[in-house]
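See structure below.
There are 4 protein chains.
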Amino acid sequence: MARFDGLSAVLLNCSLVHDASKSHTRRLLNRVRGIMATEGVDVELIHMLEHQVGFGMVPDTTEIGDDRDDWPDIHAKIMDADILVIGTPIWLGVKSSVASLAIERLYAYSGETNEHGQYLYYGKTGGCVVTGNEDGVKACSMETLYALSHIGYTIPPQADCGWLGEIGPGPSYGDEVEGSNTRAGYDSEFTNKNATIMTWNLMHTAQMLKDRGGFPVGGNVAETWREVTNAEDQDPDAD
Amino acid sequence: MARFDGLSAVLLNCSLVHDASKSHTRRLLNRVRGIMATEGVDVELIHMLEHQVGFGMVPDTTEIGDDRDDWPDIHAKIMDADILVIGTPIWLGVKSSVASLAIERLYAYSGETNEHGQYLYYGKTGGCVVTGNEDGVKACSMETLYALSHIGYTIPPQADCGWLGEIGPGPSYGDEVEGSNTRAGYDSEFTNKNATIMTWNLMHTAQMLKDRGGFPVGGNVAETWREVTNAEDQDPDAD
Amino acid sequence: MARFDGLSAVLLNCSLVHDASKSHTRRLLNRVRGIMATEGVDVELIHMLEHQVGFGMVPDTTEIGDDRDDWPDIHAKIMDADILVIGTPIWLGVKSSVASLAIERLYAYSGETNEHGQYLYYGKTGGCVVTGNEDGVKACSMETLYALSHIGYTIPPQADCGWLGEIGPGPSYGDEVEGSNTRAGYDSEFTNKNATIMTWNLMHTAQMLKDRGGFPVGGNVAETWREVTNAEDQDPDAD
Amino acid sequence: MARFDGLSAVLLNCSLVHDASKSHTRRLLNRVRGIMATEGVDVELIHMLEHQVGFGMVPDTTEIGDDRDDWPDIHAKIMDADILVIGTPIWLGVKSSVASLAIERLYAYSGETNEHGQYLYYGKTGGCVVTGNEDGVKACSMETLYALSHIGYTIPPQADCGWLGEIGPGPSYGDEVEGSNTRAGYDSEFTNKNATIMTWNLMHTAQMLKDRGGFPVGGNVAETWREVTNAEDQDPDAD
């Protein structure tokens, strides 16, 4: 029996490519998915642009006039999963508009709480997969992992992985490279090692939180923060 | 008996002010310290600019010509602690040069491993305290928390807190405000609530990791990543 | 006769609010528009979410399957204008998905050149207006102004302005404030001063470039960079 | 006679390497220097870590207790120059602590004004050179160019250049590469083209500003912003 049998994960691909099969980011997400599935995690890869997701800081944009909004269904899957990995390409050094949109829509629910009064995403574990052709993995990861942490996700060590070619125009992850039998990046030891470590760290952290019945309660409930040892009662001018 | 008795923490103040007592960031760090101490954590607040810390990507800059380098001593304390909180002021929207220096010096050891072969900082928990007079808490936190995660720290939910005044010049955290009995920010419910939640989340995460004997081993040892289910063996072109 | 009579500007509001009249960012953009109009600039304020703009790194997303794409019309207006100001709200410390989308769509044309062989946006001047309720003006401006510079815009001194309230939840720009006759931020001297300086600097720079017939040609044509004094011919190991 | 004979430039190398001759960033700065010198610009390359520059938001840190501070001399050279290029290596995806230090020290003078009442750095032109071994040129440039713009520098189109290797550990700019006659990056067409374009754009912009006698005065003097058409007088709620 696999070790992480009870866990589930959503990998959310925020590529700008409408056809999932043509997304470069999907290729690296697939490798993460493969590890998770082999280790027993119930994993689903969602391609944002195969869905119609509205703009707006509300849980459901049909309430603000959109004819259709697929986000509530995607969000329900994210809520059911222990792990969320956001995948994004890099454009001009930063994450895609689709990744920003996904994060905004996650954030739109962030005032809600779980049965303990903690913010909604407490107890879940977050990571990030980034591909580009030359520059920006860390810049994308910073923003993405910070957003996930801010809304309640726990972020394991080395919670991101990515691939980049040499500076300048060039092949994207998985593109054919003239005169080579290997597709761009598929044999990058660095990328494969980091994708492996990230995935295992996500699974370990999710398992640890699951074993504890969620993120420990105490001191992290917005409603009752004054009832515990709290900042307001401490002397800021102590020596 | 306090709940977090076995834990220890270093709060590293990366203020640009040489005299610790005049640092605004220290004031908010003091509140974090107060909560931790009350809850049984053995906590030390270190003011970087009371020490002489050299520039360079080496563990000890006396090896590259400096007469003195206090970093190895500071680093030893960080290695002994379960929790590290980096405190930084904001200048031009970003963290201080001293915070960047501290992170560089942490990173200079990052190739080293613990007894399991994991990177050195695995099993530790990281957070961030930011103060400024108008703008940039999240930007500073993004960079700082990402750096800590990258080198092995686990990042809890809402792992940062900060204070800012309204946009434009104005009082810094703890400055006297004309016509007011309260010092700037001391009664900010938002800042106090977030400082409280951050601190508890740091303690919970550190305790969870301590109870597990460190961050779980498996799949996260650079030397042996090919011996586990790994990215290289997964099909990037799967449907 | 006004001093900047021959100039034109597009202010692109990337708010997440569908109804333009409810956008907070629009209110500050309106002040920028007012200065420009008074000084003779032909200025148009476009509200992105009143249009249907597709995702994708192509000039026209109807070519990749969308039923409709309003971007080519918006882009034509941007190409006709001397000045572009991107307005964005802040969510989780960064610019909106709509702002990222606008920048991606600008970038999708960036391989094209003008009659001199310079990239398309050379000779134009760029700026940025940001509003939020607590944090992130500079972080949004950094990304936005960098993107504009990267694709060919000239960035004047102090090319951004914004408004933020004190840290934590609170009114957005222009919201009614209980017990006050003034709407939030409307009397902020800092915001008004910076909006004024930004606007004048945009107009001065645009006029300077117009007087020169565009950005000076020479050394900045990708096709012929080897024909001028160039980096490849310089000794990187010089003393 | 060269075209840019009357111009001067400071290239400020913020490498973490104490010995200038071992800095990778210096190598790319040298190519920028070569172009400038050939075109008649009076250019000086300063290696920050060959000097002793203090921490603190003051013009001269001997006033706050340092025995020595070389910054006032460096700053005097920067004030004499039309162009400033900040060179920085990348560590953990961001600019070096030394680059942050240089920017803080520039900022410490930013309240001062020139003879027109504009902020001190008005009329000057800024750029950025970044080298690393895998990731982060744009992230470093964003922060650096934004800081320069914020304090008064004009930023030309494509005001940065850089070099990166493929993702993961590898040679830095100018390192010997086994089995190759060329040093890493020296023949990168992308880097050489961008370094060329950046340098020319810096020279053109500086010349344009010099020909105008500095950045045009009007609407950008903090003391008198209410005397021109200004934001406060515009209707934020206009249709």
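Protein chains in written order, with this note's numbering: chain R, 69 to 307; chain U, 69 to 307; chain L, 69 to 307; chain P, 69 to 307.
Cβ coordinates follow ideal geometry from the N, Cα and C atoms, glycine included.
Contact check for GLY179 of chain R against TYR189 of chain R fails: the beta carbons are separated by 9 Å or more. Taking a cut-off of 8 Å on C-beta distances, the region 153-173 of chain R touches the region 211-221 of chain R, as three or more cross pairs fall below it. Taken through DSSP and simplified to helix, strand or coil, ASP148 of chain P comes out as helix. Following the DSSP letters along the chain, one finds ASN269 of chain R inside the alpha helix (DSSP H) bounded by residues 257-279.
Beta-bridge pairing by DSSP links LYS163 of chain U to U:ILE158. Secondary structure of TYR189 of chain U (DSSP, three-state): coil. Residue pairing by DSSP puts HIS115 of chain U in a beta bridge opposite U:ASN81. In this structure ARG101 of chain P is buried. Its beta-carbon is surrounded by 16 or more other beta-carbon atoms within 10 angstroms.
Around the Cβ of HIS115 of chain L, a 10 Å sphere holds 16 or more other Cβ atoms; the residue is buried. Taking the CA atoms as reference points, THR106 of chain L sits about 40 Å from ALA207 of chain R. Taking 8 Å as the upper bound on Cβ-Cβ separation, chain R lies near residues GLU211, TYR214, ALA215 and HIS218 of the region 197-218 of chain L. Along the length of the region 196-250 of chain L, whole alpha helix (DSSP H) runs at least 4 residues long occupy 205-219, reported in chain order.
In the displayed model, VAL100 of chain L falls within a helix according to three-state DSSP. GLY195 of chain P is positioned such that its CB atom lies closer than 9 Å to that of MET266 of chain P.
When the beta-carbon positions are compared, ALA215 of chain R and CYS229 of chain U stay at least 9 Å from each other. With fewer than 16 other Cβ atoms from the protein chains shown falling within 10 Å of its own Cβ, GLU295 of chain L counts as exposed. The region 141-160 of chain P makes no contact with the region 154-166 of chain U, as fewer than three CB pairs between them are under 8 Å. At least 9 Å separates the CB of CYS82 of chain R from every CB of chain U. Residues of chain L whose Cβ lies closer than 7 Å to the Cβ of GLY233 of chain U are, in chain order, GLU234.
Short of 6 Å from the beta carbon of MET125 of chain R, and not among the five residues preceding or following it, lie these beta carbons of its own chain, in chain order: ALA176. The beta carbon of GLY161 of chain R falls within 9 Å of a beta carbon belonging to chain P, placing the residue at that interface. The C-alpha of GLN302 of chain L lies about 38 Å from the C-alpha of ASN262 of chain R. Around the C-beta of ALA144 of chain L, fewer than 16 other C-beta atoms lie within 10 Å, and the residue is accordingly described as exposed. Neighbours of THR106 of chain P across chain L, judged by C-beta separation under 9 Å: THR297, ASP301 and GLN302. About 16 Å separates the beta carbons of ALA227 of chain U and ALA149 of chain U, which is beyond the 8 Å limit, so they are not a contact pair.
Scanning chain R for C-beta atoms nearer than 7 Å to the C-beta of THR259 of chain P yields ILE235, reported in chain order. The beta-carbon distance between ASP137 of chain U and GLN120 of chain U, rounded to whole angstroms, is 7 Å. This is short enough to meet the 8 Å contact definition. Counting C-beta atoms within 10 angstroms of its own C-beta, THR250 of chain P has fewer than 16 neighbours from the protein chains shown and is therefore classed as exposed. Contact of GLY230 of chain L with chain U by beta-carbon distance below 9 Å involves ASP203 and ILE235. The beta carbon of SER240 of chain L lies closer than 6 Å to those of HIS92 and ASN201 in the same chain, with the five residues before and after it left out. By the neighbour-count criterion, in which a residue is buried when 16 or more other Cβ atoms sit within 10 angstroms of its Cβ, GLY133 of chain R is exposed. When only Cα atoms are considered, GLY253 of chain R and LEU232 of chain P end up about 16 Å apart.
LEU113 of chain L and LEU97 of chain L do touch by the CB rule: their CB atoms are close to 6 Å apart, below 8 Å. Closest in C-alpha terms to ARG99 of chain R, from the list R:GLY287, R:THR292, R:PHE283 and R:ASP255, comes R:ASP255. Between VAL109 of chain U and LEU75 of chain U, the C-beta gap is smaller than 9 Å, which places the two residues in contact.
Rounded to the nearest whole angstrom, the C-alpha separation of PHE123 of chain L and THR193 of chain R is 28 Å.
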